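Working notes, structure below.
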Amino acid sequence: MKRADNLHILFFALFFTGILILSSGCTSDSAGSEEKTVLKILPAGSLMLPFEYLEEDYEAENPGIDVQYEGHGSIQCIRQVTDLGRNFDLVVVADSSLIPDMMMRENPETGNNYSDSYTEFATNEIVIAYTDESLYSDEINADNWYEILQRSDVTVGFSNPMLDAAGYRAFMLFQLAGQYYGDENLMSEIAGDHMKGGITVEKSGDVERIMLPELVQPSDEKLKIRDGSIFLLYLLESGGVDYAIEYRSVAEGHNLNYIGLPEEINLGNSSMNSVYDDVSVNLGFERFSSIGSERTGRSTVYAWTIPDNADNPDEAVRFAEYMEDEFRNNRYGWPPAL
């Protein structure tokens, strides 16, 4: 079985491509052997470590199957199918609500919905990840983390909310934390004042709506924004950023230090959804206008779906059921099963 350290090396080697692609290679064995069935999967980036093991073990148990998987931010996973028209057998995302919003609509090429159903299977929570080399690593704790992140010499990383669920959850975290700690400047000091175009927060009833610009870009060196939260690992481990907004499973799987957060703000407890939904993020990207640009705060739930253009839907179901069984083992560094 491969170790997480080996995956680190692979992440670093592919970092500059902007896309993390891991596949098993050939579709057949030696000359004259039977051709394998290729199972093409799009998992959210935070699932790359589990998928390293899932691919290896599933292929060992099913020698006629070649599992090929390609990791992206959750929104980008779906757009590979809906916008780019690429054929995949299984899509696995870190926000189950993205599937009905983005895939349960008509595919003009087929007349069918991109997907008609989905299955939730795992959860996660947001943490503040860092290393021993991060500024103030010997000072930060669960009580002062938000004060440390506001310091002018501290750099903070999160993923692009237009592409990745962890990205818009970072903004939800900041807004919820501002409410929880009674610090109305928390959002602006950590993120808003350091983005081109800034951000605004609109009050609508009990909901605070975070309005993002169409392009989410840093205006100075404090913020580091990457296409997916998994790409922040390289920055953390190379000293390119002090703190990153990550999922707990990712921090644990890659042996990072992290600060656990109160359940009122960590987006990890479904019983707190009545608190989480007091904030929402409006994605300013115009392309989202036809499918809904509002992401409402709720607990982190992973889900899988089979696109209508899947070449091997039956095999995709078998793999998904196998995946669910493996997640129930609650391995360290994997998102916990529901």
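Sequence positions in the sequence shown follow the working numbering and run 6 to 343. Even for Gly, the Cβ is constructed at its ideal location relative to N, Cα and C. Computed from a prediction, not measured in an experiment: that's the story for all the values here.
Residue i to residue j, Cα distance in whole Å?
i, j, result
"G69", "V43", "9 Å"
"S28", "Y74", "The predicted model places S28 with a pLDDT of 44, which falls under 50 and marks its position as unreliable, so this point remains unresolved."
"S164", "T136", "18 Å"
"N129", "A256", "11 Å"
"L261", "S79", "22 Å"
"G273", "N190", "24 Å"
"W150", "T124", "35 Å"
"Q180", "L288", "15 Å"
"D106", "E207", "23 Å"
"I133", "A171", "12 Å"
"D188", "D143", "23 Å"
"S33", "R303", "Residue confidence is low: S33 scores 46 on pLDDT, short of 50, so the model does not pin down where it sits. Its coordinate-derived value is still stated next. Cα-Cα distance, rounded: 43 Å."
"E320", "E114", "24 Å"
"Y248", "N117", "43 Å"
"E331", "L238", "25 Å"
"A325", "I230", "31 Å"
"M108", "R174", "20 Å"
"S295", "E66", "Any reading at S295 must be qualified, since the residue scores a pLDDT of 49, below 50, and its modelled position is unreliable; no value is offered."
"V322", "P55", "18 Å"
"A196", "L228", "7 Å"
"P223", "T160", "11 Å"
"D88", "D148", "43 Å"
Give the single residue among the options whose Cα lies nearest to the Cα of residue i.
i, options, result
"E40", "L272, L59, T128 and D71", "D71"
"P218", "K201, D247, S209 and D232", "K201"
"D158", "P340, R336 and V246", "V246"
"I264", "N146, S279 and P341", "N146"
"D232", "P166, T305 and M177", "P166"
"E152", "N271, E138, G183 and Y58", "G183"
"M236", "Y252, E226, S224 and D225", "Residue identity check: residue 236 is Phe in the sequence provided, not Met. For F236, the nearest C-alpha among the options comes from Y252."
"I46", "Y337, I215, D283 and G76", "G76"
"Y119", "E329, I311 and Y337", "I311"
"E213", "C82, T301, S234 and E329", "T301"
"G90", "P318, N314 and W339", "N314"
"F126", "Y186, Q85 and V96", "V96"
"A342", "P318, Y307, D316 and N317", "Y307"
"S102", "D211, N317, M328 and T305", "T305"
"I131", "N334, V284, S298 and N271", "N271"
"E138", "M53, Q222, M192 and E242", "E242"
"M177", "N278, E57 and Y58", "N278"
"S285", "Q155, W339, M328 and I204", "I204"
"H199", "Q155, D316, I83 and D211", "Q155"
"L352", "L168, Y186, S209 and L140", "Outside the shown range of the chain (6 to 343) lies residue 352, about which nothing can therefore be said."
"S298", "P267, I215, Y337 and M328", "I215"
"E61", "M328, Y141, N334 and L240", "M328"
Give the secondary structure of residue i by DSSP, where H, G and I count as helix, E and B as strand, and everything else as coil.
i, result
"R336", "coil"
"Q222", "coil"
"Y141", "coil"
"A182", "helix"
"A342", "strand"
"R323", "helix"
"R303", "coil"
"S157", "coil"
"E189", "coil"
Identify the residues that DSSP records as bridge partners of residue i: which are they?
i, result
"T124", "W309"
"S164", "R231"
"A175", "Looking at the DSSP assignment, A175 forms no beta bridge with any residue, so it has no partner."
"N118", "E111"
"Y151", "Note: Y151 sits in no beta bridge, so no partner."
"T205", "M216"
"Y135", "Y248 and N262"
"M200", "P223"
Quiz item: Can you give, in chain order, each stretch of the alpha helix (DSSP H) that sits fully within the segment 228-299 and has at least 4 residues?
Solution: Counting only runs that start and end inside the segment 228-299, the alpha helix (DSSP H) elements of at least 4 residues fall at 237-243, 253-258 and 278-281.
Practice problem: Would you mind listing the beta strand (DSSP E) stretches within the segment 33-110 that are 3+ residues and don't spill past its ends, in chain order? | Solution: Runs of beta strand (DSSP E) with 3 or more residues, each lying fully within the segment 33-110, are found at 42-48, 70-76 and 95-98, listed in chain order.
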